[in-house]
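Residue numbers (full-length UniProt numbering): 1 to 71.
Worksheet: one structure, shown below.
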């Protein structure tokens, strides 16, 4: 919404720290947000955004699965 509808490209933020982003399976597969959150993070001044290997893979532990299958 921020990127597609409002056309936001800058966030006016400063965060001089290392971070990573792990998208949820739902956001990738159902909502199809793609790289929009990463584009907004990259717009943060001085951020050290580190790619998370395998971030686009499903861990199988999301949603209610973790609650219904605690063992």
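The beta-carbon is built from N, C-alpha and C at its ideal position, and this holds for glycine as well.
Keep in mind the model is a prediction, meaning the values are calculated, not measured.
Cβ neighbours of residue 33 in the same chain (closer than 8 Å, five flanking residues each side left out): Same-chain partners within the cutoff: 23 and 27.
Below 8 Å CB to CB, which residues in the same chain sit around residue 50 once its five sequence neighbours on both sides are set aside? Around residue 50: 18, 19 and 20.
Residue from 16, 45, 31 and 25 with nearest C-alpha to residue 10: Nearest of 16, 45, 31 and 25 to residue 10, Cα basis: 45.
Considering residue 42, what are the terminal residues of the alpha helix (DSSP H) in which it resides? 36-42 is the span of the alpha helix (DSSP H), which, as asked, contains residue 42.
If I measure Cβ to Cβ from residue 15 and keep anything under 8 Å in the same chain, skipping five residues before and after, which residues do I get? Within the same chain, residue 15 has close Cβ partners 44, 45, 46 and 47.
Selection from 42, 25, 6 and 4 that minimises the alpha carbon distance to residue 72: What the structure shows of the chain is the stretch from 1 to 71, and residue 72 is not part of that stretch, so it cannot be assessed.
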